[in-house]
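Read left to right, the sequence shown gives residues 1 to 795 (the UniProt record's numbering). What follows is one structure encoded as structure tokens, with my remarks underneath.
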Amino acid sequence: MSTVNLSNGISTLKPSATTEMVYQRFAIEPQDQTAVIGSRVTLPCRVLDQKGPIQWTKDDFGLGAVRNLTGFERYAMIGSDEEGDFSLHIFPVELEDDGKYQCQASPTNDGQPGLRSRFARLSVLVPPQKPKILQGDFLVTTEDRELTMECISVGGKPAADITWIDGLGNVLHSGIETSIDKIEDGPLFTVRSVLKVMPRKEHHNTTFTCQSQNAADRTPQNAKLRVEVRYAPKVSLKIRSGLAKNSRIIEGSELRFRCRAEANPPDVEYRWYINEKTVIGDYTTEMIIHNATRELHDAIVKCEVHNEVGKSQETETLDITYGPQFRHSPVSVETHYGSTEVLQCDVDGNPTPEIIWIHEESDRIVATSSNISIVVSPETSGRYYCKAHVPGFLELTGYANIFIRAPPTIVSQKIQYVPDEGVVKVKCTAISVPKAESVVWNFGGRELNFTLNNTPFYVQDEYTPERVVSTITLLEPISMYFGDYNCSVTNSFGTDSVIIKLTTHALIPVDWQLILIIVGLVICVILVVIIIILIIHCRERIKQPRMRSAQAADNDLRKYQETDSNTDRYRESDRSSNLSDVKADIRAGSSVSNAESVTALDSEGEGSTRGVNALALAGPVPNPLGYRYSADYTEPSFPPKNNDGSNNNGYVPYVDYSRDYMPPTTQGIDSSRESLSRVPSSGILATKKIGLSSANLGNITPQQTPIIDPRFSATYGNPYLRMSAAEHLRHAPHTAIPGVTPAPPPYTQAMRMNSLSTLNGAGPQAPLSAHYITGGPNGGIATVKRTAGALATHV
């Protein structure tokens with residue numbers, strides 16, 4: 001026989017020893033689940049060896065034993081009997097589906113007991129409604145006044161979580177109070193969240209957000225509130241101009257302050273204060289301090305701005321840099337040896353001045369502090385200088401003396417002079433520490449009494465802490481009062497006397513001596529300047545002839561270049577034209593020509609003589625001023641010269657002008673043209689050129705002298721013809737390129753005829769033939785050889 005043991009709703013069949021039975025049992029039992037309202041949910045249930053009918057209960061209420069579950073349209077048992085699957089399917093899930101469910105198998109007729117599964121809890125989740133801020137979506141508030149905002153989330157299951165976010169995106173955690181209530185004892189909840197916040201300027205025109213969410217819907221729902229914050233002005237103050245490079249304020253600078261304010265509402269009013277005193281003036285956003293004095297150092301400049309909400313202010317403390325200045329000047333002291341004295345140097349400055357003390361007698365620094373303590377001795381007495389220094393400013397110097405109490409000492413000049421003009425005075429100056437008690441004057445052995453009304457003088461005493469000055473003033477410069485004055489000074493320690501002599505015999509005053517020294521120095525300077533000017537002038541005078549010569553040479557070269565530029569107008573034959581009549585170098589023997597000629601052995605060849613203004617060019621050169629006109633030349637005759645013709649190599653030994661043209665007549669020529677005074681015989685012929693020595697010219701008669709008319713000398717106008725053949729070849733222009741080689745001036749036949757016809761109609765006729773002039777051997781007389789063709793001159 002078998003027994004049935006029910007434990008926890010599950011039947012266990014214990015077969016007897018004789019018969020073994022199979023009992024129905026659960027393969028899968030339902031589990032707790034959650035479902036969002038409107039979704040699907042399936043509670044699983046599977047029974048093995050199922051014998052009795054299966055049903056589901058909700059909260060211990062049976063739903064039915066058929067799969068269709070009549071009366072419960074949203075419920076159904078799904079699965080198949082063969083598999084023993086009797087799962088409960090709910091769709092759509094509604095809030096009323098929330099509860100506990102159980103799968104049961106009924107007992108059978110053969111005695112098998114019924115089965116009950118464990119309870120499965122179905123929790124239905126409901127998302128909350130959109131939250132709402134009770135204050136609305138816009139709120140006006142005031143800065144620093146507590147603002148309360150309340151957000152409600154209704155109908156959530158479970159209760160919604162509410163989060164607050166400010167306008168800057170910050171999640172708020174403080175100042176929040178939350179309460180949760182069920183709706184009419186139902187499964188839904190209402191959540192209230194209250195936020196208390198202190199609004200600031202930063203919250204102006206920002207939005208506060210209330211977010212709500214629960215497990216049913218993780219997407220937050222928002223409620224927003226825009227806040228307009230009314231706030232007092234936010235002030236910023238700075239120095240716009242007047243600062244130095246190191247951002248410091250220099251004393252005396254003009255300072256401009258700028259005050260800016262942000263406020264809501266924006267209508268504001270500006271007020272300025274310096275050390276809590278209202279600044280007078282119609283200042284708004286800017287305020288000017290025209291002179292930043294040291295009295296304003298550490299002053300507080302305040303800009304105060306008002307609006308409807310309130311007022312705000314900003315301050316700036318002035319840091320003014322200024323030079324040293326004594327608060328109290330150093331004070332001299334009177335003391336005795338062995339005592340200890342303190343000297344003070346009370347100086348104000350910004351930054352703090354650097355202070356040093358210097359002892360005048362020893363000329364050394366004795367301290368670097370504002371106060372100095374000194375043990376008085378003969379070495380430490382005297383004057384002490386206090387020097388204060390602030391970078392960027394002038395040094396400040398003061399002094400104090402340590403006086404040793406002693407009898408007075410008179411330091412006046414013992415000889416004093418009567419001035420030429422003005423009031424006559426006698427001064428007695430004495431150093432007296434302590435202060436002098438009296439000054440007594442004696443003259444002529446008697447004490448002067450200045451209290452009488454009829455005295456011709458009066459006295460004036462001036463006392464200082466360390467000295468006394470007593471001055472006698474004579475009302476009239478009477479000579480009887482000139483002489484020796486006795487001055488006696490007395491103090492509590494003793495008396496000192498001195499004889500002061502008043503006299504009219506004075507040496508040159510020191511001032512006049514200084515004037516004489518200055519005048520002497522000025523005169524010396526003037527003399528030195530004059531000497532320098534004369535030296536410069538003389539050097540310029542020496543340079544002027546050379547400069548004029550160089551300038552004239554430049555002018556001639558320029559004229560030649562201008563002539564050379566017109567070579568296209570000349571015939572090609574002009575390049576080798578030798579139409580000059582006689583190309584011999586004839587020099588006029590005047591002192592002018594001799595002065596203006598130089599012998600250039602190095603540049604022009606041996607024996608070549610050129611004028612200072614002459615150029616080695618083909619063409620005219622300047623004539624000496626003494627020979628510019630035709631009347632400057634004589635009209636000599638040109639007789640033939642007797643010559644034996646020996647050793648002439650077939651050349652005529654002289655130029656035979658008598659056969660070429662008739663000698664010029666002397667009739668009709670004035671006495672000035674007949675004169676030979678301007679043409680000395682010593683200068684007519686160039687001795688080196690034609691071989692005549694000047695020593696032989698005096699023994700030759702006019703008929704025997706081989707004189708050549710300088711009007712027809714080619715060499716007179718052509719320096720090229722004054723050279724030797726070798727020099728001529730060396731200076732000859734290159735003719736390989738005719739277009740480049742400059743052409744000589746066009747000495748054509750017509751031009752020569754025109755020039756000859758202008759000589760008063762009495763000149764010689766042009767020769768019909770040309771001549772070669774060659775030097776004789778050993779420097780002898782030049783010989784001439786006639787040719788009918790072109791001429792070439794050889795010297």
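Even glycine gets a Cβ: it sits at the ideal position worked out from N, Cα and C.
Can you pull the DSSP bridge partners for residue i?
i: I535; result: DSSP lists no partner for I535.
i: M77; result: L88
i: H306; result: E269, K311
i: V469; result: T429, E462
i: V197; result: L147
i: T409; result: I431
i: F443; result: R446, Y485
i: S179; result: R192
i: L125; result: V36
i: S236; result: R260
Alpha carbon to alpha carbon, how far is residue i from residue j?
i: L139; j: I183; result: 30 angstroms
i: I402; j: T504; result: 39 angstroms
i: M753; j: C538; result: In this predicted model, M753 has a pLDDT of only 44, less than 50, meaning its place in the structure is not dependable; the value taken from the coordinates is given anyway. Each residue's Cα considered, the two are about 50 angstroms apart.
i: S123; j: P265; result: 55 angstroms
i: D363; j: E379; result: 12 angstroms
i: residue 798; j: F189; result: This structure cannot speak to residue 798, because the chain is shown only from 1 to 795.
i: R256; j: M287; result: 6 angstroms
i: D556; j: P545; result: 16 angstroms
i: L514; j: N291; result: 46 angstroms
i: E361; j: Q325; result: 25 angstroms
i: V333; j: I372; result: 13 angstroms
i: Q551; j: R558; result: 10 angstroms
i: C151; j: E269; result: 39 angstroms
i: V525; j: I536; result: 17 angstroms
i: E73; j: C45; result: 20 angstroms
i: I37; j: P92; result: 7 angstroms
i: H173; j: R145; result: 19 angstroms
i: T219; j: Q102; result: 34 angstroms
i: E572; j: A553; result: Legend: pLDDT at E572 = 43, less than 50; position of this residue unreliable, no value from coordinates given.
i: E254; j: L475; result: 56 angstroms
i: L237; j: S312; result: 12 angstroms
i: S39; j: G62; result: 23 angstroms
i: V411; j: G382; result: 16 angstroms
i: G483; j: G445; result: 11 angstroms
i: I374; j: P434; result: 20 angstroms
Less than 8 angstroms separating the beta-carbons of residue i and residue j?
i: V235; j: C210; result: no
i: A263; j: N307; result: yes
i: V229; j: E94; result: no
i: residue 797; j: S212; result: As shown, the chain starts at 1 and ends at 795. That puts residue 797 outside it, with no answer to give.
i: H297; j: N350; result: yes
i: A216; j: V126; result: yes
i: Y273; j: E314; result: no
i: N491; j: I499; result: no
i: F493; j: A406; result: yes
i: P419; j: A388; result: no
i: K425; j: K501; result: no
i: P330; j: A400; result: yes
i: D81; j: I90; result: no
i: T163; j: P199; result: no
i: residue 812; j: Q460; result: Because the chain spans 1 through 795 in this model, residue 812 falls outside it and cannot be assessed.
i: G323; j: L394; result: yes
i: I355; j: V342; result: no
i: D319; j: K224; result: no
i: V390; j: H336; result: no
Under a CB-based cut-off of 8 angstroms, is residue i close to chain C?
i: P324; result: Among the chains of the structure shown, chain C does not appear; only one protein chain is present.
Say whether the region 511 to 523 touches the region 450 to 466, bearing in mind that this needs 3 or more beta-carbon pairs closer than 8 angstroms, one atom from each stretch. These segments do not touch.
In the region 320 to 387, which residue ranges form an unbroken beta strand (DSSP E) of at least 3 residues, counting only runs that do not cross its ends? Whole beta strand (DSSP E) segments, 3+ residues: 320 to 328, 333 to 335, 340 to 344, 346 to 350, 354 to 359, 364 to 367, 371 to 375.
Any 3 or more C-beta pairs closer than 8 angstroms across the region 19 to 33 and the region 111 to 120: Contact between the region 19 to 33 and the region 111 to 120 is present: three or more C-beta pairs spanning the two stretches fall below 8 angstroms.
Are three or more beta carbon pairs between the region 96 to 111 and the region 53 to 63 nearer than 8 angstroms? Yes, since at least three Cβ pairs between the region 96 to 111 and the region 53 to 63 fall closer than 8 angstroms, the two stretches touch.
Tell me, please, whether the region 164 to 180 touches the region 189 to 198 by the rule of three or more beta-carbon pairs shorter than 8 angstroms. Verdict: yes, contact present.
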